[in-house]
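In what follows, a single structure is set out as structure tokens and then discussed.
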């Protein structure tokens with residue numbers, strides 16, 4: 291079984307996340323792709339991080355009609371910092387023989403050497419990296435972890451970001467085109483990221 295792991299804060303999840311996940315599923319021939327909202331992302335300040343149950347519900351709303359996609363909330367339930375390697379180790383134990391594919395962006399690839407036990411992580415997974423048009427993702431040969439192969443996922447250029455979406459929401463603007471109708475409805479229903487009067 292080919293199993294994709296797509297983690298992130300998903301604060302909120304949006305159309306660029308969905309496009310990357312679809313591309314990974316189709317390009318890599320994944321049987322399943324797990325969406326893993328981070329509980330306590332150790333490399334990001336909590337700041338404007340919506341509660342985990344809201345982020346999980348928004349991911350579920352975004353992916354509910356997508357074949358092969360599944361919400362996995364193990365990182366939200368984990369106490370303390372949320373490390374990708376811990377998730378990989380538990381999934382490998384639960385699904386012996388599964389081929390694990392970690393889906394990340396180029397920005398994450400550049401910082402991969404700072405991840406918790408990065409060398410062990412890259413030994414346990416295949417890496418697929420979203421490559422912006424005209425770029426080829428390669429690990430920096432000077433990184434303090436062994437060289438490892440990277441599969442490029444040719445992602446069309448987008449400037450969409452969760453930060454931009456939170457700013458739009460804080461200003462009271464519609465984000466339906468950025469997050470899709472189901473997530474937009476959830477955001478409206480719960481008043482997430484809105485500026486308080």
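Numbering (the working numbering), first residue to last: 291 to 487. Glycine included, C-beta positions come from ideal geometry on N, C-alpha and C. Predicted, not measured: the structure shown is a model, and the values here were computed from it.
Give the range of the alpha helix (DSSP H) segment to which residue i is assigned.
i           : result
residue 356 : Premise fails: residue 356 is in no alpha helix (DSSP H) and is neither H nor E.
residue 471 : 471-480
So what does DSSP say about residue i, is it helix, strand or coil?
i           : result
residue 445 : strand
residue 462 : coil
residue 342 : helix
residue 309 : helix
residue 417 : strand
residue 456 : helix
residue 468 : helix
residue 317 : helix
What does DSSP give as the partner residue(s) for residue i in the beta ladder?
i           : result
residue 322 : 293
residue 440 : 417
residue 298 : 327
What residues in its chain sit with their C-beta under 8 angstroms from that of residue i, if we drop five residues either side in the sequence?
i           : result
residue 342 : 327, 329, 363 and 366
residue 385 : 291 and 293
residue 374 : 295, 297, 392, 405, 406 and 411
residue 483 : 302, 338, 340, 455, 456, 459, 460 and 477
Residues in the same chain with beta-carbon distance under 7 angstroms from residue i, minus the five sequence neighbours each way, listed in chain order, please.
i           : result
residue 352 : 303, 308, 470, 472 and 473
residue 339 : 299 and 301
Near residue i, which residues of its chain fall below 6 angstroms by C-beta distance, leaving aside the five closest residues on each side in sequence?
i           : result
residue 348 : 302, 303, 473 and 476
residue 402 : 408
Alpha helix (DSSP H) runs wholly inside the region 365-411, at least 4 long, in chain order: 374-384 and 396-400
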